[in-house]
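Student: Residue numbers (the working numbering): 1299 to 1613. All residues carry an ideal CB built from backbone N, CA and C; glycine is no exception. Please read through the structure below; I'll follow up with questions.
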């Protein structure tokens, strides 16, 4: 912008105003990202720095010190994966838990959320029932669930004329499936709450226009609702991928450190070993955590990229 001075000369004054605005925007941007960056540096890098360095060290009982060990811990891990049965169970169970949680758990959560969003019969009861595990303590819910599966279910089975000598959790044949169902069920509450809240932000005019055109509930869910909540869906999927190697499926709450090896997940194995480990085991566990992190990071980034690239768009 220009203005005339008293002597007829032009004076530029808009450029300074534009520069000040850019500086203010830059300051605002720096202020907004400073806290999350500081949290990442302090609560992840700084805290885990010892874990990263321990992955390349070994412990000496004689000197009570840690010394450089190279990549021997990683070699030991790869050897153990081929020989130790509980590590094989950890791989399989962690992947099974992830797949069932991602496909079945998320699909059912979206359906229940849509039911609540449409305010069908009993939607408030469904909402409370699914969110109840989040309100009560985890130990309380596990005790109630375990009692129901081991005490109430056999009684109900006998009333129906079926013979059941053991409860579903006490029976090794049905133990994993019962705990897997519990893990999926307890994850419904947060998903239903968030999904239904996101659905409530969909414009009423869009829904009404589609209904006037004769859209069916299934098509409304597929072509309007799901694209509108896709960003939220991506968030839950990314969180699920991150949790592949940390989700312990509530095994420690059910069994403490006495869970059978056939039930192990990586989350439970690492949690249990860290609690019980001595100094000589920390380098091995650190190496395993480091290795799983190296696997999880690109997998997480790829998942977000793929879902963003090929997913439906709300526009």
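1) Where are the alpha helix (DSSP H) runs, 4 residues long or more, that stay fully inside the stretch 1449-1513, in chain order?
2) Between the alpha carbons of residue 1430 and residue 1555, how many angstroms are there, rounded?
3) In the DSSP output, what is residue 1398 paired with across the bridge?
4) Taking the alpha helix (DSSP H) that residue 1529 falls in, what are its first and last residues?
5) State the start and end residues of the unbroken alpha helix (DSSP H) segment that holds residue 1355.
6) At the level of alpha carbons, what is the spacing between residue 1592 and residue 1490?
7) How about residue 1437: is its C-beta nearer than 7 Å to some C-beta of chain B?
8) May I have a chain-ordered list of the alpha helix (DSSP H) segments no shorter than 4 residues that lie completely inside the stretch 1541-1600?
9) Could you check the C-alpha separation between residue 1311 and residue 1501 for me, to the nearest Å?
10) Enumerate in chain order the residues of its own chain whose CB-to-CB distance from residue 1607 is below 8 Å, with the five nearest sequence positions on each side excluded.
11) Below 8 Å CB to CB, which residues in the same chain sit around residue 1378 once its five sequence neighbours on both sides are set aside?
12) Could you please give the first and the last residue of the uninterrupted beta strand (DSSP E) stretch that includes residue 1410?
13) Within 10 angstroms of the Cβ of residue 1596, are there 16 or more other Cβ atoms? Answer buried if so, exposed if not.
14) Does residue 1521 come out as helix, strand or coil in the three-state DSSP assignment?
15) Where does the unbroken beta strand (DSSP E) through residue 1364 begin, and where does it stop?
16) Cβ of residue 1562 within 7 Å of Cβ of residue 1421?
17) Nearest CA to the CA of residue 1426: which residue from 1436, 1438, 1411?
18) Quick check: residue 1372 and residue 1585, are their CB atoms within less than 7 Å of each other?
19) Compute the distance between the beta-carbons of residue 1532 and residue 1454, then report whether it is under 7 Å.
20) For residue 1460, tell me which candidate among 1494, 1452, 1467 has the shortest Cα-Cα distance.
21) Residue ranges of each beta strand (DSSP E) run of no fewer than 3 residues wholly in the stretch 1323-1358, ordered along the chain?
22) So, using beta-carbon positions, are residue 1543 and residue 1574 closer together than 7 Å?
Tutor: Straight from the coordinates:
1) 1451-1457, 1470-1484, 1486-1497, 1502-1510
2) 27 Å
3) BP columns for residue 1398 are empty, so no partner.
4) 1528-1540
5) No alpha helix (DSSP H) holds residue 1355; the beta strand (DSSP E) holding it covers 1355-1358.
6) 32 Å
7) The structure shown has no chain B; it contains just one protein chain.
8) 1549-1553, 1564-1574
9) Here residue 1311 scores only 48 on pLDDT, less than 50, and its place in the model should not be relied on; the value that follows carries that caveat. If you take the alpha carbons of residue 1311 and residue 1501, they lie about 44 Å apart.
10) none
11) 1385
12) Counting along the chain, residue 1410 falls outside any beta strand (DSSP E), though it belongs to the alpha helix (DSSP H) covering 1404-1415.
13) exposed
14) helix
15) 1363-1366
16) no
17) 1411
18) yes
19) no
20) 1452
21) 1355-1358
22) no
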